[in-house]
Amino acid sequence: MALASDEFTGAVFLADLNQATFTPGSPAGIWTAPEQLQNFPEFADFFAGTDGIAVAGDSHIAVVNGEFGGNHFGAIQLPTTPGTGGTIPAASDYIACTIPNTPGGTWSTGDDPHTTTAYVSPNTNDAIALVANSKPPTFVAVIDMTKLLNHTMVPRIKNGFPSKHTCSPSVNLVTAGVVRFVAVP
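Residue numbering for the sequence shown follows this note's numbering, beginning at 1 and increasing consecutively.
The structure is reproduced here in structure tokens:
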């Protein structure tokens, strides 16, 4: 699966490379595959739209966030199996949340280069996102995206949107064990 952000919008580009056809050429070849620019209305409020993006290894879970400040981020459940017959890839679930305040104050997501990465925890097998704040960073938010996408652990609300893809404000992501902070020395 190919995944890319579409800065200054609430959309993410998805392409199923398992269904791709490659045409060699000079100086560069081309490829075509079932694809779409999938809109996530809840991500449109991120500072500068969907910017920082990373997939946690083989988990099929991606983190997405803005940049240049703000405290919004999201997790996307990507397709876990390749499509067939030209099936357009689409996220099966997603959630938009707010990074809580750090022990040092209000969260403000970092600037370029995008301060986001992800991995699969060797201890829990959960998909984990890392997002740094400010410039220079003072904290890294460690976000358990597997827990975040669990509807029981993190209830959702509509928040003015047609579907339930926003974290409920009743959930404290820190005490729920979804977000923790690591100070940058």
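All residues carry an ideal CB built from backbone N, CA and C; glycine is no exception. Predicted model, so just to flag it, every value in this text is computed and none were measured.
- The distance from the Cβ of glycine 86 to that of proline 34 is about 5 Å, consistent with a contact at the 8 Å cut-off.
- Residue range 11 to 15 is occupied by the beta strand (DSSP E) that includes leucine 14.
- Here the stretch 149 to 166 makes no contact with the stretch 24 to 31; the two share fewer than three CB pairs at distances below 8 Å.
- Straight through space, the alpha carbons of serine 26 and histidine 165 are spaced by roughly 44 Å.
- In this structure, DSSP gives alanine 141 an extended state, which the three-state scheme calls strand.
- Proximity to asparagine 39 across Leu17, His72, Ala62 and Ala91 peaks at Ala91, based on C-alpha coordinates.
- Under the three-state reduction of DSSP output, phenylalanine 43 falls in the helix class.
- Of the candidates Gly104, Gly83 and Leu173, the residue whose Cα lies closest to the Cα of methionine 1 is Gly83.
- Counting every other CB atom within 10 Å of its CB across the protein chains shown gives leucine 149 a total of 16 or more, marking it as buried.
- Counting C-beta pairs with one atom in each stretch, the stretch 62 to 75 and the stretch 109 to 126 have three or more that are closer than 8 Å, which means they touch.
- Judged by DSSP secondary structure, isoleucine 95 falls within the beta strand (DSSP E) whose first and last residues are 93 to 98.
- Only residues of its own chain outside the window of five on either side were considered, and among them Met1, Ala2 and Ala33 have a CB closer than 7 Å to the CB of leucine 17, listed in chain order.
- In the structure shown, threonine 146 falls within a helical segment according to DSSP collapsed to helix, strand and coil.
- Per DSSP, reduced to three states, the secondary structure at asparagine 101 is coil, with no helix or strand assignment.
- Per DSSP, histidine 72 is one residue of the beta strand (DSSP E) stretching across 72 to 77.
- Residue state for glycine 57 is assigned as helix, using DSSP reduced to three classes.
- Counting only residues of its own chain and dropping the five nearest sequence neighbours on each side, lysine 135 has a CB closer than 7 Å to the CB of Gly110 and Asp111.
- DSSP, read as helix, strand or coil, puts asparagine 18 in helix.
- Approximately 6 Å separates the beta-carbon atoms of proline 103 and phenylalanine 181; this is inside 8 Å, confirming the contact.
- Ranking Asp144, Ser163, Leu37 and Val140 by CA distance to the CA of isoleucine 88 puts Leu37 first.
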